[in-house]
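Residue numbers (the UniProt record's numbering), protein chains in the order written: chain U, 1 to 593; chain Z, 1 to 593.
Below you can see the structure in the form of structure tokens.
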């Protein structure tokens, strides 16, 4: 239901071009108009303008209008293109002597200056209409003009911004925001969040509750930001998520709570993060009695498996060097062997082993993978998790290769949702596999069918955690929570061996009539990236931090003189030179839930 | 236009009783239903309940329903009242032998336990219908029941919460949230914000943009929270308001921006703050040639003035001791004299002075104040600001007195809005009146008519700041901002003598084509207090901090061991005993803009 709604939501919005950096102003501004301004905003009596630049059409012919906007472009001192948040319009600069002062203002104002013009909406002369521009049938014959603010020479042209370095874009963020792409992204984000709110509040009676951002520190919460208070030695923290508050609201009877919340995580963010979600086929059983050495090896180990994926039409489009690069990738990154198997028997086999497999298990493979002529099967064997990771990577790799050869595989306008369920509740600790840690967090409820295993074989318990994946990217996740205080205590104290004292307020709350409850959190930044096709979450946030967590515009974080730190009862511990070298940097990462 | 919209908004919501602490459940839950649940929320196929408790009516008779909720009340082991976020419903506990297990569950579950019941909606027997309860015509004949979570004995009854101490309410906030009043306040807040969003986004094309909460510290911003980063000696701060970002968004072309933002101010908050906004009449000119001594004295001083207010029907309702207490108040708190003047000539005059004034300026006063028989005029003289303050206080005082005598003056259901304009742009510094400081902040634009005075007599310049007042309480304020870089530089450097380097990014932004712009910020917490009649903003916030800035539920702020502070490169400076005594406490205050 949830992903269906999201899918509808995405369809309802106009789909922009993905990864388009070279934008044509007119077409981009048209899509902006379509999506963000279905309704022309009313203007109050307090503003000078009578209309927005982008809304004027043939139906306005003859009207006297006053417009305000930025000078986008000037041609031969005859035409101006004026821009506001709504779009572009062409302005005709008067050339007659009595209007000399108007001409002077409009011709001398630097690009990106803000002007106010009044004049008449007229039809463009035959042959000069621009069908690519929403306002392309008309132009404004200007009578008066006013320079509202002059713009100094810009360090670069607005339209070239995308080619500039990330650092420069962040330093002059207020100029970057004027680009069609940023305007589109931020306005689409606003609309999308509004649609979500309407769905939740108006259609389903949800209640929007703001939870605090100054909270108690999570013990050992190494990724939290801390805030010194004016009580010596006492600190708040910025919560990594409204986790505990969400549950307390449920205990408090605030059924159907939601919030567009900020989460503060003091960690690095990768712009191209691609969590791996793979569809693969397990063919281990087919090879239980194989005579092929590396398959035997793999299957003899406890977590050993044989995995295969089928590349449709692979034999037709993939070249020998592609296959070689795939095998090299597998060997270099996963230390595993990949066997390519071509289904057409007249193809050249890469290895006698592959040929042998084909003869031995060929018909089984063809049946299981539903292979057809010209398909290629890639086969690997090894430890389960690593084999899955490898096949997931190879699947994406092959898709890229095929798309580069002109095969249409992934429709960029399509939104494909997928639920991932049945996660394990606990995982062995990496440093000490005898002990368990929560796969997600200790508040996740066990799967109802597995609850008896909690007391005998906790590592086998599945959780009621679920992730939502859009076009291969995780965009959200959530869980049904433990509402029983004793069960929560058992998980914390006995299974995870944590100090329950630190969560006593939550355990107490569960004791006072906590209803069964669960929820989900969407990563809004990530979702907006997918919807807009933006290469980085920085393109869907108005004022993002740099990769190193810096605000390049205002130069935050910044130093504070020691005497100004006194009210907070802290002082800086300057590191020694040796410490400086190995010190790691600070990467805040924002996401919404 | 803005206050008109707010007024409509407030009217559209059902007006709750003001300052009602003793709530009758049925009537309160009815108003909750009316306002928050005009549309019955749809339930998905994933939940056990078929209906909510509060929605059932006679039209549901005969239906098989499954409900979930808290046990609100139990009578003689025959009836239960079940509560969910939607309201209350009566449940009939089966008494027959085959249903013994159902009876056992429902009779043994402690109050506030969570149960799920299935049964049939039946009509209440004649004479047992409860017209005060929205579901009062029906009850549920239970067939099966399930205890979802048992509740331990509560430290107090939920309905008695309002009588408990603030500290106890905050410690058990999740229980306090179950009260009808808190549910009402928070759900109304959610609706009200949603209405605001619909108005701004859908009707007027505004764009909702989130601005960062980790920002550069304002130099000397003593009321800011600071956040150490992992770079030695470098700090972020939590912005007191999105002040600078708002302006940068305007420079960035994000016309019609809004945000429901959090502001972080490290200062005390008074639950009963009452800024003084007074309507008075200045009658100084009438007394220019008076012979009355204290009026002469006052008017001979530079800021001297004579002020009067008219108390309608004062002579009828105010007693002599009331007048005495008013005069005493003025003398004690303002060191000023107040002359009461009764219009009916056959009244006893309090002083020969008053009589003399009446004879001398009587007709003028009657005309100017539009006084009628039985009115009382209170007159004072003194320094302008103090006289205004005094008269404002007396006006409220007299209103309280008259209302205590049964006169209906202020309709609690009425929302009266008032704009306050023409504030001074600068004020003399208290510690050094020769220097000026900003009355609001240095980015406020001067009044267009006064702009020439900026260079000659800056103290006379009015600002384009405006405040919005609802029922005597300031609920919002805003200003037209300076968009010209040179003007901003002049105000900062020449008038205010501030270091412009620290705001270089803003000055630079203004240079690159900043459009003329302005805005307003509403204090959402305050507004919700007025709308709901809550005595404190803590009653309209889900998880408020205590007066001293503590989270009494989780015990934040809390200590952090020194080794865990290492990544932040800070250490605690423990104060000496002497410093501890004079150290001030930490009061964070939340508001929205």
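Ideal Cβ placement from N, Cα and C applies to all residues, glycine included.
Among the options, whose alpha-carbon lies nearest the alpha-carbon of residue i?
i: residue 340(Z); options: 375(Z), 332(Z), 423(Z); result: 375(Z)
i: residue 88(U); options: 77(U), 178(U), 153(U), 173(U); result: 178(U)
i: residue 78(Z); options: 325(Z), 141(Z), 445(Z); result: 141(Z)
i: residue 442(Z); options: 433(Z), 333(Z), 180(Z), 490(Z); result: 490(Z)
i: residue 255(Z); options: 532(Z), 319(Z), 519(Z); result: 519(Z)
i: residue 372(Z); options: 419(Z), 315(Z), 422(Z); result: 315(Z)
i: residue 572(U); options: 143(Z), 93(Z), 135(Z), 229(Z); result: 229(Z)
i: residue 605(U); options: 234(U), 403(U), 330(U); result: Because chain U spans 1 through 593 in this model, residue 605(U) falls outside it and cannot be assessed.
Under 8 angstroms, Cβ to Cβ, is there at least one residue of chain U near residue i?
i: residue 245(Z); result: yes
i: residue 644(Z); result: For chain Z, the structure presents residues 1 to 593; residue 644(Z) sits outside this window and is missing.
i: residue 151(Z); result: yes
i: residue 484(Z); result: yes
i: residue 96(Z); result: no
i: residue 505(Z); result: yes
i: residue 269(Z); result: Since pLDDT at residue 269(Z) reaches only 38, below the 50 mark, its modelled position is unreliable, and no value is offered.
i: residue 558(Z); result: yes
i: residue 214(Z); result: yes
Taking residue i as the query, report the chain Z residues whose CB atoms sit under 9 angstroms from its CB, ordered along the chain.
i: residue 194(U); result: 197, 198, 201, 202, 208
i: residue 112(U); result: 512, 513
i: residue 574(U); result: 232, 233, 569
i: residue 248(U); result: 173, 174, 177, 542, 543, 553
i: residue 387(U); result: Within 9 angstroms Cβ-Cβ: nothing; residue 387(U) doesn't reach chain Z, min ~34 angstroms.
Quick one: Cα of residue i to Cα of residue j, how far?
i: residue 236(U); j: residue 227(U); result: 5 angstroms
i: residue 401(Z); j: residue 463(Z); result: 37 angstroms
i: residue 214(U); j: residue 398(U); result: 47 angstroms
i: residue 49(Z); j: residue 48(U); result: 55 angstroms
i: residue 188(U); j: residue 390(Z); result: 52 angstroms
i: residue 396(U); j: residue 386(U); result: 16 angstroms
i: residue 225(Z); j: residue 263(Z); result: 11 angstroms
i: residue 535(U); j: residue 413(U); result: 15 angstroms
i: residue 591(U); j: residue 380(Z); result: At residue 591(U) the pLDDT is 33, less than 50, meaning the model places this residue with poor confidence and gives no usable figure here.
i: residue 336(U); j: residue 297(U); result: 12 angstroms
i: residue 406(Z); j: residue 118(U); result: 59 angstroms
i: residue 383(U); j: residue 433(U); result: 16 angstroms
i: residue 540(U); j: residue 197(U); result: 19 angstroms
Within the 8 angstroms Cβ cut-off, does residue i reach chain Z?
i: residue 148(U); result: yes
i: residue 32(U); result: Caution applies to residue 32(U), whose pLDDT of 34 falls short of 50 and renders its modelled position unreliable; the value that the coordinates give is listed next. Chain Z contact via Cβ: absent.
i: residue 275(U); result: Any reading at residue 275(U) must be qualified, since the residue scores a pLDDT of 26, below 50, and its modelled position is unreliable; the value itself is stated next. Residue 275(U) does not count as touching chain Z.
i: residue 175(U); result: yes
i: residue 51(U); result: no
i: residue 553(U); result: yes
i: residue 501(U); result: no
i: residue 261(U); result: no
i: residue 448(U); result: no
i: residue 227(U); result: yes
Is any heavy atom of the ligand GDP found at a distance shorter than 7 angstroms from the C-beta of residue i?
i: residue 264(U); result: Looking for the ligand GDP in the displayed structure turns up nothing, as the structure carries no ligands at all.
Which chain U residues are close to residue i, counting only those with a beta carbon under 9 angstroms from its beta carbon?
i: residue 70(Z); result: 253, 513, 515
i: residue 304(Z); result: Under the 9 angstroms cutoff, chain U gives no residues; its nearest Cβ is about 37 angstroms from residue 304(Z).
So that I know if they touch, is there some Cβ in chain B lying closer than 8 angstroms to that of residue i?
i: residue 73(Z); result: Of the chains in the structure shown, none is chain B; the protein chains are U and Z.
What does residue i reach in chain U if we use C-beta pairs closer than 8 angstroms?
i: residue 488(Z); result: The contacting residues do not exist; residue 488(Z) stays about 11 angstroms from chain U at best.
Using the beta-carbon of each residue, which ones in chain Z are nearer than 8 angstroms to residue i?
i: residue 117(U); result: Neighbours of residue 117(U) on chain Z: none; closest Cβ ~14 angstroms, over 8 angstroms.
So which residues of chain Z does residue i contact, with C-beta pairs closer than 7 angstroms?
i: residue 241(U); result: Simply none; closest approach about 15 angstroms.
Three-pair Cβ contact test at 8 angstroms for the region 540 to 557 of chain Z versus the region 166 to 175 of chain Z: yes
Three CB pairs or more closer than 8 angstroms across the region 103 to 116 of chain Z and the region 509 to 517 of chain U: yes
Cβ pair count under 8 angstroms reaching 3, the region 241 to 258 of chain Z against the region 561 to 579 of chain U: no
Segment contact flag, the region 420 to 438 of chain Z with the region 457 to 477 of chain Z, C-beta cutoff 8 angstroms, min 3 pairs: yes
Three or more C-beta pairs below 8 angstroms linking the region 501 to 509 of chain U and the region 472 to 480 of chain U: no
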